[in-house]
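The structure appears right after this line, and notes come after that.
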Amino acid sequence: MTKTILSTVALMAILIFSYLFTKKETEYNPFSLPLNTSKGVTTLSDLKKGKLTLMYFGFLTCPDACPTTLSTVGATFKEMTPAELEKINFLFVDLDPERDTLERLKEYAGYFHPKIISVSMPLKDLDPFTRFFGVVFMKVPLKNSKMGYTIDHSTGILVMSPDGKILPHIEHGTNKTVMLALLRKMLTEIK
Amino acid sequence: MKNILITLLISFSAATMAASKIEIKNATIRLPPPGSNTTAMFMTIANNDNVDRALEKISGPISDDFELHEMAMENGKMSMRNVPKIALKKAETTTLKPGGLHVMIFNLKRPLQENEAVEVKLELDHQEKLSIKAIVKKDL
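Residue numbers (the numbering used here), protein chains in the order written: chain A, 2 to 192; chain B, 2 to 141.
Printed below as a string of structure tokens:
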């Protein structure tokens with residue numbers, strides 16, 4: 002009997018707590034968060050107006066996924082018209098603020114395409130920001146490596162409509178031709 | 002002139018490898034973007050011997066920090082781990098490529114130039130050492 006009461010109380014406590022936590026998360030608004038970018042301080046609300054916003058999350062010591070993706074994105078953008086590019090934002094959101102600086106991020110991202118905007122934010126902001134967009138990242142210590150630690154991270158390109166709706170992401174490994182077709186299709190759909 | 006040099010270098014490295022049963026092909030280093038002094042090297046390694054071998058160490062004048070790494074993709078999440086060695090199974094070809102096994106190069110001592118041939122030394126588990134040239138490429 003006592004057991005039943007205890008477990009009921011425990012269950013209720015869990016329900017109340019999860020309610021409180023969920024509530025807190027739904028109140029979080031990444032769109033009004035001031036973003037420190039290579040083009041100055043701005044917000045997603047301002048950026049997304051009338052545009053398709055693409056976001057990729059990575060870091061500077063990332064040897065493979067990040068340069069591969071940014072290189073394909075750069076090559077795709079080179080095929081697009083200025084009018085098309087005008088309708089697109091591309092944000093490279095840094096997942097390693099402890100090691101990377103906005104200055105170096107700007108140099109890095111600009112190399113792939115001047116259109117790519119680097120975004121740097123402290124870890125405390127990065128946590129809710131990535132969680133909101135369903136992006137996973139994790140700092141993993143590496144034993145016997147000069148790297149010290151690496152960041153495991155989601156590799157898809159997140160796509161957001163001008164009204165802030167999350168569209169199907171662009172998968173890692175998508176080639177230039179497919180990416181170009183996808184972006185052009187999405188551009189016609191947001192008109 | 003540059004082409005002659007590269008051809009010479011390639012034939013030279015091919016000559017040094019002729020005696021080995023381990024054959025390295027298409028060794029390339031990704032040209033690191035500015036702002037990054039970390040990069041990766043890829044290649045195919047054919048083990049034409051009838052015993053299993055392993056690649057244990059890489060070194061070269063461009064850095065003091067070469068490491069063997071492996072990438073894995075799981076549920077859309079990319080992870081990378083250093084590995085102590087890369088197994089080279091007998092009579093098989095092992096490919097080091099983007100998204101899989103690769104050599105990480107940290108703390109480059111100097112900027113690399115596109116298309117330059119970089120000297121790299123590979124050490125295998127049976128004491129064999131191979132000197133190769135890896136070509137720096139922008140797009141891999």
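The beta carbon of each residue, even a glycine, is placed where N, CA and C say it ideally should be.
All of these numbers come straight from a predicted model, not from anything done at the bench.
Anticipated Cβ contact below 8 Å, residue i with residue j, distance rounded
{"i": "lysine 88 of chain A", "j": "aspartate 66 of chain B", "result": "About 43 Å; that fails the 8 Å criterion."}
{"i": "serine 162 of chain A", "j": "isoleucine 191 of chain A", "result": "6 Å"}
{"i": "isoleucine 152 of chain A", "j": "leucine 96 of chain A", "result": "5 Å"}
{"i": "threonine 193 of chain A", "j": "leucine 159 of chain A", "result": "Here chain A has residues from 2 to 192 only, and residue 193 of chain A is not among them."}
{"i": "glycine 165 of chain A", "j": "phenylalanine 58 of chain A", "result": "Actually they are not in contact, since the Cβ atoms of glycine 165 of chain A and phenylalanine 58 of chain A sit about 18 Å apart, beyond 8 Å."}
{"i": "leucine 92 of chain A", "j": "threonine 44 of chain A", "result": "Incorrect: roughly 12 Å between the Cβ atoms, too far for contact."}
{"i": "lysine 122 of chain B", "j": "serine 60 of chain B", "result": "5 Å"}
{"i": "serine 131 of chain B", "j": "isoleucine 30 of chain B", "result": "Before going further, note that residue 131 of chain B is leucine rather than serine in the sequence given. The pair is not a contact, with the Cβ atoms about 16 Å apart (cut-off 8 Å)."}
{"i": "phenylalanine 113 of chain A", "j": "valine 141 of chain A", "result": "Not confirmed; about 25 Å, so no contact."}
{"i": "leucine 113 of chain B", "j": "proline 33 of chain B", "result": "7 Å"}
{"i": "alanine 142 of chain B", "j": "alanine 55 of chain B", "result": "Since the first and last residues shown for chain B are 2 and 141, residue 142 of chain B lies out of range."}
{"i": "threonine 70 of chain A", "j": "histidine 173 of chain A", "result": "7 Å"}
{"i": "lysine 1 of chain B", "j": "glutamate 129 of chain B", "result": "Residue 1 of chain B is absent from the structure shown; chain B starts at 2 and stops at 141."}
{"i": "serine 155 of chain A", "j": "valine 137 of chain A", "result": "5 Å"}
{"i": "asparagine 48 of chain B", "j": "lysine 91 of chain B", "result": "6 Å"}
{"i": "valine 94 of chain A", "j": "methionine 139 of chain A", "result": "Actually they do not touch by this definition, with Cβ atoms about 15 Å apart."}
Coarse secondary structure for residue i, derived from DSSP in three states
{"i": "tyrosine 112 of chain A", "result": "helix"}
{"i": "valine 119 of chain B", "result": "strand"}
{"i": "aspartate 95 of chain A", "result": "strand"}
{"i": "threonine 95 of chain B", "result": "strand"}
{"i": "arginine 132 of chain A", "result": "helix"}
{"i": "proline 112 of chain B", "result": "coil"}
{"i": "proline 83 of chain A", "result": "helix"}
{"i": "valine 84 of chain B", "result": "coil"}
{"i": "proline 68 of chain A", "result": "helix"}
{"i": "serine 39 of chain A", "result": "coil"}
{"i": "glycine 149 of chain B", "result": "Residue coverage of chain B in this structure runs from 2 to 141, which leaves residue 149 of chain B outside it and unanswerable."}
{"i": "valine 179 of chain A", "result": "helix"}
{"i": "glycine 61 of chain B", "result": "strand"}
{"i": "asparagine 90 of chain A", "result": "strand"}
{"i": "phenylalanine 107 of chain B", "result": "strand"}
{"i": "lysine 26 of chain B", "result": "strand"}
{"i": "aspartate 126 of chain A", "result": "helix"}
{"i": "methionine 13 of chain A", "result": "helix"}
{"i": "phenylalanine 60 of chain A", "result": "coil"}
{"i": "proline 31 of chain A", "result": "helix"}
{"i": "lysine 186 of chain A", "result": "helix"}
{"i": "lysine 107 of chain A", "result": "helix"}
{"i": "serine 155 of chain A", "result": "strand"}
{"i": "lysine 90 of chain B", "result": "coil"}
{"i": "serine 21 of chain B", "result": "coil"}
{"i": "serine 121 of chain A", "result": "strand"}
{"i": "threonine 44 of chain A", "result": "coil"}
{"i": "threonine 54 of chain A", "result": "strand"}
{"i": "threonine 40 of chain B", "result": "strand"}
{"i": "alanine 16 of chain B", "result": "Confidence in alanine 16 of chain B is poor, its pLDDT being 49 and thus under 50, which makes the residue's placement too unreliable to answer from."}
{"i": "valine 137 of chain A", "result": "coil"}
{"i": "threonine 102 of chain A", "result": "coil"}
{"i": "valine 52 of chain B", "result": "coil"}
{"i": "lysine 139 of chain B", "result": "coil"}
{"i": "serine 132 of chain B", "result": "strand"}
Contact set between residue i and chain A, taken where Cβ atoms lie within less than 9 Å
{"i": "lysine 78 of chain B", "result": "Val137, Phe138, Met139, Asp153, His154, Ser155 and Thr156"}
{"i": "alanine 41 of chain B", "result": "Pro64, Asp65 and Pro68"}
{"i": "histidine 103 of chain B", "result": "Pro64 and Asp65"}
Chain B residues whose Cβ lies nearer than 9 Å to that of residue i
{"i": "alanine 66 of chain A", "result": "Met72, Met74, Met79, Met81, Pro99 and Gly100"}
Within chain A, partners of residue i - CB distance below 8 Å
{"i": "glutamate 68 of chain B", "result": "Ser146, Lys147 and Met148"}
{"i": "asparagine 1 of chain B", "result": "Because chain B here runs from 2 to 141, residue 1 of chain B falls outside it and cannot be looked at."}
Listed by chain order, chain B residues near residue i by CB distance under 8 Å
{"i": "leucine 127 of chain A", "result": "Ordered by position in chain B, no residue passes the 8 Å Cβ test against leucine 127 of chain A, which lies about 16 Å from the chain."}
{"i": "leucine 143 of chain A", "result": "Arg82 and Asn83"}
{"i": "arginine 105 of chain A", "result": "Gly36 and Ser37"}
{"i": "leucine 124 of chain A", "result": "Correct list: empty, because the minimum Cβ distance to chain B is about 18 Å."}
{"i": "leucine 61 of chain A", "result": "Gly36, Ser37 and Thr39"}
7 Å Cβ cut-off: residues of chain B touching residue i
{"i": "serine 72 of chain A", "result": "Asp140"}
{"i": "threonine 69 of chain A", "result": "Pro99"}
{"i": "tyrosine 112 of chain A", "result": "Pro34 and Pro35"}
{"i": "tyrosine 57 of chain A", "result": "In chain order: nothing, as chain B lies at least about 12 Å away."}
{"i": "glutamate 108 of chain A", "result": "Pro35 and Gly36"}
Interface partners of residue i on chain A, CB under 7 Å
{"i": "methionine 44 of chain B", "result": "By Cβ distance, chain A contributes nothing, its closest Cβ being about 15 Å from methionine 44 of chain B, past 7 Å."}
{"i": "arginine 31 of chain B", "result": "Pro68"}
State whether the region 40 to 55 of chain B contacts the region 98 to 105 of chain B, with contact taken as three or more CB pairs (one from each stretch) at a distance under 8 Å. Yes, they touch.
Counting beta carbon pairs with one atom in the region 59 to 72 of chain A and one in the region 72 to 82 of chain B, are three or more of them shorter than 8 Å? Cβ pair count under 8 Å is three or more, so yes.
Is the region 107 to 126 of chain A touching the region 35 to 45 of chain A in the sense that three or more CB pairs, one from each, lie closer than 8 Å? Contact between the region 35 to 45 of chain A and the region 107 to 126 of chain A is present: three or more C-beta pairs spanning the two stretches fall below 8 Å.
Any contact of the region 126 to 145 of chain A with the region 56 to 66 of chain B, i.e. 3+ C-beta pairs under 8 Å? These segments do not touch.
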